[in-house]
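What follows is a set of notes on a single structure, which appears directly below.
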Amino acid sequence: MVCPDTSFLCGLYVPQSTSAGAIAWMTSQAEALPVSSLLLYEFRQSVQFQVFRHSNDRAQGYPLTVAQAALAALQSDLRAGALYLPAVDWPDVHQQAERLAYKRAAVFRHLA
């Protein structure tokens, strides 16, 4: 399963240096892209933070109009089914993440 991160969504919905690659990859996919509720939260928070930054210094972040367009495009893709929220058993995900983290940490303990 493909799992995008916040930077991918930023490239997809906010004009920047990575946008062409993100858009090309997204349009080449035959299936909808799974996204988590956490990813959507992070992206929305990131967009809002960039507007805050821009309101304090016009050389940073981006204006509200860019943010509104990005959030509208995200919602449009969710409604159209280009992105979807798969059913997730979060406690199981967290348990698996802990097991993987412990396993990885054990490798580093042997190096010390």
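Residue 259, in my numbering, is where the sequence shown stops; the numbers in between run on with no holes. Ideal placement from N, C-alpha and C gives every residue a C-beta, glycine not left out.
Limits of the alpha helix (DSSP H) - the one that Asp224 falls within = As a first step, residue 224 is located in the sequence shown; it is residue number 77 there, counting from the start. Run containing Asp224: 211-227, per the alpha helix (DSSP H) assignment.
Taking Ala219 as the reference, give the member of Ser164, Leu159, Ser184 with the closest Cα.
-> As a working note, residue 219 is residue 72 in the sequence shown. Ranking the options by Cα distance to Ala219, first place goes to Leu159.
Flag this pair as yes or no: are the beta carbons of Ala214 and Gln242 separated by less than 8 Å?
-> On the sequence shown, residue 214 is found 67 positions in, with the first residue counted as 1. On the sequence shown, residue 242 is found 95 positions in, with the first residue counted as 1. Cβ atoms of Ala214 and Gln242: not closer than 8 Å.
For Leu230, three-class secondary structure by DSSP | Residue 230 sits at position 83 when you count from the first residue of the sequence shown. Three-state result, Leu230: strand.
Using the C-alpha atoms, what's the distance from Ser193 back to Gly228?
-> The residue given as residue 228 occupies position 81 in the sequence shown. The residue given as residue 193 occupies position 46 in the sequence shown. So the two alpha carbons sit approximately 23 Å from each other.
CB of Glu189 within 8 Å of CB of Thr165, strictly = Here residue 189 is taken as the residue at index 42 of the sequence shown, counted from 1. Here residue 165 is taken as the residue at index 18 of the sequence shown, counted from 1. No, Cβ-Cβ distance for Glu189 and Thr165 is not below 8 Å.
Span of the alpha helix (DSSP H) around Thr153 | Along the sequence shown, read from residue 1 onward, the residue named residue 153 stands at position 6. From DSSP, the alpha helix (DSSP H) with Thr153 extends over 153-160.
Report the option in Arg246, Ala179, Tyr231 whose CA atom is closest to the CA atom of Leu187.
-> Sequence index remark: in the sequence shown, residue 187 carries index 40 (1-based). Nearest of Arg246, Ala179, Tyr231 to Leu187, Cα basis: Tyr231.
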